[in-house]
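**Q**
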Amino acid sequence: MPELPEVETIKESLKAKILFKKVKEADILCEKLIKYPEKPDFIKNIKDKKIKNLQRKGKFLILKLSHNYNLVVHLGMTGQLLYFNSHQSFDKHTHVLFNFEDSSQLQYNDVRKFGALWLVSDGWLRFVPGLSELGPEPLKKEFSLEYFQKALNKKSIIKYLLLNQKNLAGLGNIYVDEILFRAEIHPRRPSSELSDLEREKLYYTILEVLGEAIKARGTSVVNYMDGNSQKGEFQRHLKVYKRLGNPCYNCETPVERIVLAGRGTYFCPKCQH
DNA sequence: AGCTGTACCTGCAGGC
DNA sequence: TGCCTGCAGGTACAGC
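With positions in the first sequence counted from 1, the corresponding number in the numbering used here is that position plus 42.
1) Name the residue from Tyr283, Gln97, Gln147 whose alpha carbon lies nearest to the alpha carbon of Lys64.
2) Is the beta carbon of Val251 less than 7 Å from the beta carbon of Glu294?
3) Helix, strand or coil, according to DSSP, for Asp152 in the structure here?
4) To the nearest angstrom, how far is the alpha carbon of Lys134 from that of Gln149?
5) How many angstroms separate the CA atom of Lys99 from the CA atom of Lys273?
6) Just to confirm the assignment: which complete beta strand (DSSP E) runs, minimum length 3, are found wholly within the stretch 111 to 158?
7) Okay, do the stretch 204 to 217 and the stretch 153 to 165 touch, 3+ Cβ pairs below 8 Å being the bar?
8) Which same chain residues end up closer than 7 Å to Phe185 when comparing Cβ atoms and leaving out the 5 residues on each side of it in sequence?
9) Could you tell me whether the Cβ atoms of Gln191 and Arg231 are closer together than 7 Å?
10) Checking the sheet assignment: what are the DSSP bridge partners for Gln97?
11) Measuring alpha carbon to alpha carbon, tell me which of Val115, Lys92, Thr120 ends up nearest His109.
12) Helix, strand or coil: how does DSSP classify Gly165 here?
13) Please report how far the alpha carbon of Arg332 lies from the alpha carbon of Tyr266, in whole angstroms.
14) Can you grab the Cα-Cα spacing for the pair Leu61 / His129, in whole Å?
15) Leaving out the 5 sequence neighbours to the left and right, which residues in its chain are closer than 6 Å to Lys57 when beta-carbon positions are compared?
16) Check whether the Cβ atoms of Ala225 and Lys197 lie closer than 7 Å to each other.
17) Whose C-beta lies closer than 6 Å to the C-beta of Val143 among residues of the same chain, with five residues either side of it excluded?
18) For Asn112, count the other beta carbons within 10 Å of its own beta carbon; 16 or more makes it buried, fewer makes it exposed. Which is it?
Now the structure itself:
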């Protein structure tokens, strides 16, 4: 489900609800999702911890807890973090419960169970797979046009490069397709062959699409919702994603689908070169 | 080094 | 209704 705009929206929606709350107890219904530590230690260590801040790094959500602990959450494809004012009924897809002192509750739901949770102290954050290898945040200064132009010099198919979290953090399948459409670049182009103009256009398109998607509170295609169970709006603005066979909004040519990097890839064969 | 295929899971839509 | 196939926002890993 969740790419940068979705995780950002979840983070902000939860911040308003759970900041400074104290975890009374956690309940783990599916151990598979807890990557570290083992269930008994996870439950023991999160008890009585206070949520001091919420951060997003790429597609990771990090809850900063008291005593220098961190609850790191990756939502995989279908993970949800849902907040409720009181203990709520749940179903077979609810795998972890966080109960707060004031009897409000945070539920981790995940149909496909590709998500992951870690509870680690500050010094151990770097052992969370993928977290310390993340490239720059696209909406921060660290993601400069200069940096991006250099990154594109790698000999790599452009879609593959944009999906790789080591190059920049937070893009996923939907936004990469949408960005490449708007930048009029074919997803199979070798990145090193992009002209200076194309590189610049791509750079600003990344900022533009992510900005718009955050403003729209994310994209709800299947089951994405924020911490308050609210859907996003950006699905209304998608130009190519999941539009196989439908006419391109620019030129009416039917949108095509190929498989790249193992992912369904949608593009306009006429507009994107 | 980069890329493909596969694995991990479950549900849903579409074809017959 | 049921069965089958393909597809789905993620990442990791073996192997070419």
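Each residue gets a CB set at the ideal place from its N, CA and C atoms; glycine is no exception. Owing to the predicted nature of the structure, the values given are computational and were not obtained by experimental measurement.
**A** On the basis of the supplied data:
1) Position 22 of the first sequence, counted from the start, is the residue given in the question as residue 64. Taking only the C-alpha atoms, the option nearest Lys64 is Gln147.
2) Residue numbering aside, residue 251 sits at position 209 when the first sequence is read from its first letter. Residue numbering aside, residue 294 sits at position 252 when the first sequence is read from its first letter. No, Cβ-Cβ distance for Val251 and Glu294 is not below 7 Å.
3) Taking the first sequence and counting its residues from 1, one reaches residue 152 at position 110. Three-state result, Asp152: strand.
4) Within the first sequence, residue 134 is the residue found at index 92, counting from 1. Within the first sequence, residue 149 is the residue found at index 107, counting from 1. In a straight line, the C-alpha of Lys134 is about 12 Å away from that of Gln149.
5) Locating residue 99 in the first sequence gives position 57, counting from the first residue. Locating residue 273 in the first sequence gives position 231, counting from the first residue. When rounded, the distance between both Cα atoms is 22 Å.
6) With a minimum length of 3 residues, the continuous beta strand (DSSP E) runs that stay inside the stretch 111 to 158 are 111 to 116, 121 to 126, 136 to 142, 147 to 152.
7) No, because fewer than three Cβ pairs between the stretch 204 to 217 and the stretch 153 to 165 fall closer than 8 Å, the two stretches do not touch.
8) Against the first sequence, residue 185 aligns to sequence position 143. Annotation for Phe185: Pro178, Glu179, Leu210 place their beta carbon closer than 7 Å to its own, counting only its chain and skipping 5 residues before and after.
9) As a working mapping, residue 191 is identified with position 149 in the first sequence. As a working mapping, residue 231 is identified with position 189 in the first sequence. At a Cβ-Cβ threshold of 7 Å, Gln191 and Arg231 do not count as neighbours.
10) Residue 97 sits at position 55 when you count from the first residue of the first sequence. DSSP lists Ile104 as partners of Gln97.
11) Residue numbering aside, residue 109 sits at position 67 when the first sequence is read from its first letter. Of Val115, Lys92, Thr120, the residue nearest in Cα terms is Lys92.
12) Position 123 of the first sequence, counted from the start, is the residue given in the question as residue 165. It is helical.
13) Here the chain has residues from 43 to 315 only, and residue 332 is not among them.
14) Against the first sequence, residue 61 aligns to sequence position 19. Against the first sequence, residue 129 aligns to sequence position 87. Take the alpha-carbon of Leu61 and the one of His129: they are about 18 Å apart.
15) For the purposes of this step, residue 57 is taken as residue 15 along the first sequence, with counting starting at 1. Beyond the five residues adjoining it in sequence on each side, Lys57 comes within less than 6 Å, by CB distance, of Leu96 in the same chain, given in chain order.
16) The residue you call residue 225 lines up with position 183 of the first sequence. The residue you call residue 197 lines up with position 155 of the first sequence. Taking C-beta atoms as the reference points, Ala225 and Lys197 fail to come closer than 7 Å.
17) Against the first sequence, residue 143 aligns to sequence position 101. Before going further, note that residue 143 is Glu rather than Val in the sequence given. Residues of the same chain with a CB within less than 6 Å of the CB of Glu143, apart from the 5 flanking positions on each side, are Lys64, Lys66 in chain order.
18) Along the first sequence, one-based indexing puts residue 112 at 70. Around the beta-carbon of Asn112, 16 or more other beta-carbon atoms lie within 10 Å, marking it buried.
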